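Take a look at the structure set out below.
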Amino acid sequence: MEELDPKQTPRAAAFELWMKAPMPMVTLFKTLDVTRLARLSRKRGMKFNMLLCWCIGKAASRVEEFHTLPVGERLIRYENLAVNTVVALEDGGIATCDVPFSESLDRFRRDYLTLTARVRETGEPYDLDGDYMVIGTSALPRTEIDGAVNIYAGFYNNPFLVWGRVRKKLLRAALPISFQFHHTQMDGGHAARFLENLQEEIWGLNP
């Protein structure tokens, strides 16, 4: 983790424009073709949510801006990425779990299953300390949604994705997804490239 001088980065103008803006967050919406992801989930018995979180990490790792995040009034660069997921608890509540991203699907899957199980058993959130820029996610698989907007006041600056139930039609599966980000961290073009990367990573899965 390293604090940057915003004036010495490509985000200098964005830092001046958006750090004190009353609503610095931007949300993009995109419908993904998740047919391959759904097939791989069924064929190999892997959790759909875990696979999507891994694809999110893969797509984000291809966009340099994901490593930099406004924190308070500072601009911080992180070496590593993690994906946060929401875990349903036995008492009906929820808790969050940070899963370190790995290029290896097998390693990410092991970490995902181990850490979410720990959160489910303890009822306590699992937060990674140290050099991780965390990408938030929230799944609402029981309901079809077109998108969602999260906290919009710069209080929670991390990028955040939300999705609902997969929409199936004939032999295809589609998933509307919303992606929220702080404008200091990236511009719309970076966010759009991330969403394109995400679709490419899903298409690249081998069921």
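The working numbering applies: residue 382 is where the sequence shown begins, and numbers increase by one. Every residue gets a Cβ at the ideal spot worked out from N, C-alpha and C, and that includes glycine. Remember, predicted model here, so these are calculated numbers, not experimental data.
Going by beta-carbon coordinates alone, are residue i and residue j separated by less than 9 Å?
i	j	result
I583	D414	yes
S559	L579	no
I475	V468	yes
Q566	T408	no
T497	V480	yes
P557	F410	yes
N538	P403	no
A554	A419	yes
Could you give the distance in angstroms between the alpha-carbon of residue i and the alpha-carbon of residue j?
i	j	result
R417	K388	43 Å
H377	K439	Residue 377 is absent from the structure shown; the chain starts at 382 and stops at 588.
L385	R458	7 Å
H571	F562	10 Å
G585	L551	21 Å
L456	K424	43 Å
T524	M431	18 Å
R499	V444	31 Å
L433	S519	11 Å
P540	C478	15 Å
L462	D472	30 Å
R442	L470	First, the residue type needs correcting, since residue 442 is Ser and not Arg in the sequence shown. Those two C-alpha atoms are separated by around 30 Å.
I437	L521	17 Å
P405	P391	18 Å
G453	P506	22 Å
N446	G511	The residue you asked about is not Asn; residue 446 is Glu in the sequence shown. Approximately 18 Å between the Cα atoms of the pair.
Check for me: the alpha helix (DSSP H) holding residue i runs from which residue to which?
i	result
T416	T416 to R425
H571	G569 to W584
L398	A393 to W399
Please list the terminal residues of the continuous beta strand (DSSP E) segment that includes residue i.
i	result
R548	R548 to K550
I526	Run containing I526: none; DSSP gives neither H nor E here.
E383	E383 to L385
Chain B beta carbons: is any one of them nearer than 9 Å to that of residue i?
i	result
R490	The chain labelled as chain B is not found in the depicted structure, where only one protein chain is given.
- Query: On the three-pair Cβ rule with 8 Å, is the stretch 477-491 touching the stretch 569-577?
  - Reply: no
- Message: For the stretch 487-505 against the stretch 545-555, do three or more pairs of beta-carbon atoms, one drawn from each stretch, fall closer than 8 Å, so that the two count as touching?
- Response: no
- At 4 residues or longer, and completely inside the stretch 417-494: list those alpha helix (DSSP H) runs for me, N to C. 429-441
- Query: Quick one: any contact between the stretch 396-412 and the stretch 511-520, if contact means 3 or more CB pairs under 8 Å?
  - Reply: Too few Cβ pairs lie closer than 8 Å, so no.
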